[in-house]
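Residue numbers (our numbering): 30 to 139.
Built from N, CA and C at the ideal position, the CB exists for glycine as well.
Listed below in structure tokens is the structure:
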């Protein structure tokens, strides 16, 4: 995104410098020079608009990709956690069964 910002800044700066040099070295009538400046300003505006729209689309696309990646990671994490929770519950159930058996043996001997 930083590269896009630099490109956009370079386009704007280049257009402004070009327009200034055009005015300084214009061998044409004032009317023609004003038309040229207006055309240059319109072209700069159009370039700026296109660059802004392109940048917006790329940011939106990147955000969408990152959201999908994050969603996938969260799903994977939840799935892994679910399996680990099942393992812990199974282990606790086995331990409980063992304790119940020991308790029954102790009750028989008393």
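- Residue range of the unbroken alpha helix (DSSP H) whose run includes residue 58: Careful: residue 58 lies outside any alpha helix (DSSP H) and carries neither H nor E.
- Item | For residue 105 and residue 111, the rounded distance between their alpha carbons | 10 Å
- Message: I'd like to check one pair, residue 73 with residue 41: are the Cβ atoms closer than 8 Å?
- Response: yes
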